[in-house]
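Report on the structure given below.
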Ligand code: GAL
């Protein structure tokens with residue numbers, strides 16, 4: 154825990170300095186204001202866990218350390234470490250909603266926030282937030298890289314905004330016929346248990362380290378005999394692998410179709426569902442909560458049935474890193490497709506349009522090339538993060554955690570934007586308008602307000618208008634710019650800002666005179 158406290162203290166200092174340096178360098182470009190030195194509790198307002206399972210939740214909170222954390226009405230089987238803000242223990246056996254009053258105090262002030270812990274069958278009540286190694290490391294991933302990423306999640310301040318998962322993608326297992334001695338060797342032990350390759354000497358120690366920071370961790374497999382990169386998959390060993398992943402201490406499994414094409418009889422829904430029903434059921438039987446992230450690129454309209462087969466999220470498209478751009482970068486096309494499935498997302502099951510590829514990031518077409526700073530413009534990056542948040546998408550960054558720069562953190566770490574993604578109502582934004590020039594998304598929020606994203610798809614500044622009648626609103630509305638965290642005033646019947654090229658204006662709209 155000492156290590157975790159040290160990380161938290163250093164973390165906020167580093168985050169603060171990075172932000173300050175950034176403000177000095179690029180004042181006009183940065184939208185997210187510096188978080189105040191007083192405590193500010195972030196993160197979801199609702200959190201699901203299964204009865205009697207191990208429980209771990211690090212209260213995300215910005216502000217100058219030391220901060221003293223306190224919780225009222227915490228179930229008796231859980232403890233909060235006052236120094237780190239990490240809640241751990243065993244989830245209560247009794248199902249129901251436990252409303253916990255969180256409190257964070259430092260020498261400058263205090264913040265409070267309510268967290269509803271919902272004990273029941275459903276986990277993933279809000280979209281996952283975290284990091285996945287794929288687009289940074291590909292087949293080079295090691296234990297050390299994952300630890301570095303976990304430490305950076307704390308020291309960069311990302312964890313203080315709710316980023317929590319540190320996920321290992323493909324290439325941690327052994328590879329049949331590998332030439333590289335690190336990856337070679339027996340694929341399984343004599344009992345049939347899957348073996349990590351030499352780059353992962355001790356999986357249980359790795360997950361324990363990540364958990365000691367209050368973070369969670371995910372692993373990857375395929376229902377086929379081989380993963381997409383040709384490593385050992387779970388076919389024929391599903392029960393053994395589910396048990397192994399849980400007993401190592403993993404909190405999430407990305408289950409990637411890959412070579413299951415060779416196993417499936419055809420592309421019928423029944424065949425598409427089969428491996429996920431199997432793994433979904435096995436994971437539910439484990440004595441810990443394991444989120445199931447389905448990856449099969451949207452086949453068979455997975456959004457219609459992903460939840461039923463036990464998925465907590467399902468990729469709706471092919472790989473974002475391979476998506477060709479046109480006049481617009483590739484992520485726009487992924488978003489346009491993902492946005493059409495808004496009806497199917499909700500607490501416990503989310504549409505997954507793939508990772509957030511900004512910062513210093515590798516190239517999916519040339520996986521051995523060193524990572525490079527993203528070629529997306531600043532406006533495009535704010536658009537990317539806005540679309541993902543409005544679409545209630547998992548917020549999984551996949552750039553290099555050891556090369557986080559001030560601008561990338563400014564995009565990833567805006568508490569009001571993240572609140573839109575993590576809103577407990579769990580609605581994905583619907584499309585108000587999509588033309589060659591404009592894209593408008595509207596997401597209803599739990600408090601009755603509405604989040605609105607106005608995206609300019611052209612290369613010139615453009616006035617984009619939203620009328621209350623199109624948004625289902627009546628009467629005067631208060632508008633708040635969530636990126637700049639500034640109230641813009643009261644508007645009578647529409648809002649028509651000028652939006653920069655490939656940029657976004659994202660606002661929260663609340664009735665000025667709520668009906669009684
Ligand atoms: C792809 C998947 C990627 C990544 C890769 C690993 O099928 O969509 O996200 O996991 O496999 O080989």
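In my numbering, the protein residues as written are 154 to 669. From the three backbone atoms N, C-alpha and C, an ideal C-beta is built for every residue, glycine too.
- Just so you know, the alpha carbons of residue 507 and residue 499 end up roughly 17 Å apart.
- The ligand GAL has a heavy atom closer than 7 Å to the beta-carbon of residue 380.
- A distance below 6 Å between beta-carbons, with the five flanking residues on each side excluded, links residue 246 to the following residues of its chain, in chain order: 204, 205.
- Counting only runs of at least 4 residues, the stretch 543 to 575 fully encloses the following alpha helix (DSSP H) elements, listed from N- to C-terminal order: 559 to 565, 568 to 574.
- Residue state for residue 340 is assigned as coil, using DSSP reduced to three classes.
- Burial is judged here by how many other beta carbons sit within 10 angstroms of a residue's own beta carbon; residue 518 has fewer than 16 and is exposed.
- The residues 492, 495, 543, 544, 545, 594, 595, 596, 604, 606, in chain order, have a CB closer than 8 Å to that of residue 582 in the same chain once the five nearest residues on each side in sequence are set aside.
- At the C-beta level, residue 275 and residue 389 stay beyond 8 Å of one another.
- An exposed status is given to residue 623, since fewer than 16 other beta-carbon atoms sit within 10 Å of its beta-carbon.
- Here residue 510 is not near residue 280, since their CB atoms are 8 Å or more apart.
- As the crow flies, the alpha-carbon of residue 557 is around 8 Å from that of residue 309.
- Assignment of residue 484 by DSSP, reduced to helix, strand and coil, places it in the helix class.
- DSSP links residue 446 through a beta bridge to 407, 466.
- By the Cβ test, the stretch 390 to 401 is in contact with the stretch 431 to 440, since at least three Cβ pairs between them sit closer than 8 Å.
- DSSP lists no beta-bridge partner residue for residue 437.
- Taking the Cβ of residue 411 as the reference point, at least one heavy atom of the ligand GAL falls within a distance shorter than 7 Å.
- In the structure shown, the three-state DSSP call for residue 416 is coil.
- Going by C-alpha positions, residue 467 is about 24 Å away from residue 533.
- From the listed residues 345, 415, 381, 400, the smallest Cα separation to residue 358 is found for 400.
- In the three-state DSSP reduction, residue 618 falls in the coil class, being neither helix nor strand.
- Per the coordinates, the alpha-carbon of residue 337 lies some 21 Å from the alpha-carbon of residue 286.
- Within the chosen limit of 7 Å, the ligand GAL reaches the beta carbon of residue 287 through at least one heavy atom.
- Of the other Cβ atoms in all chains shown, fewer than 16 fall within 10 Å of the Cβ of residue 645; this residue is therefore exposed.
- With respect to the C-alpha of residue 270, the residue from 302, 616, 262, 228 having the closest C-alpha is 228.
- Buried is the label assigned to residue 576, since at least 16 other Cβ atoms lie within 10 Å of its Cβ.
- In the structure shown, residue 264 falls within a strand segment according to DSSP collapsed to helix, strand and coil.
- When secondary structure is reduced to three states using DSSP, residue 428 falls in the helix class.
- Following the DSSP letters along the chain, one finds residue 297 inside the alpha helix (DSSP H) bounded by residues 296 to 308.
- Residue 370 and residue 404 do touch by the CB rule: their CB atoms are close to 6 Å apart, below 8 Å.
- The beta carbon of residue 502 is closer than 8 Å to those of 277, 459, 460, 464, 465, 466, 467 in its chain, skipping five residues each way along the sequence.
- By the 16-neighbour rule on beta-carbons within 10 angstroms, residue 232 is exposed.
- Here DSSP, grouped into helix, strand and coil, assigns residue 609 to strand.
- Here the alpha carbons of residue 563 and residue 301 stand approximately 21 Å from one another.
- With a threshold of 7 Å, the Cβ atom of residue 214 does not count as near the ligand GAL, since no heavy atom of the ligand is closer than that.
- Residues of the same chain with a CB within less than 7 Å of the CB of residue 602, apart from the 5 flanking positions on each side, are 661, 662, 663 in chain order.
- When the beta-carbon positions are compared, residue 420 and residue 386 stay at least 8 Å from each other.
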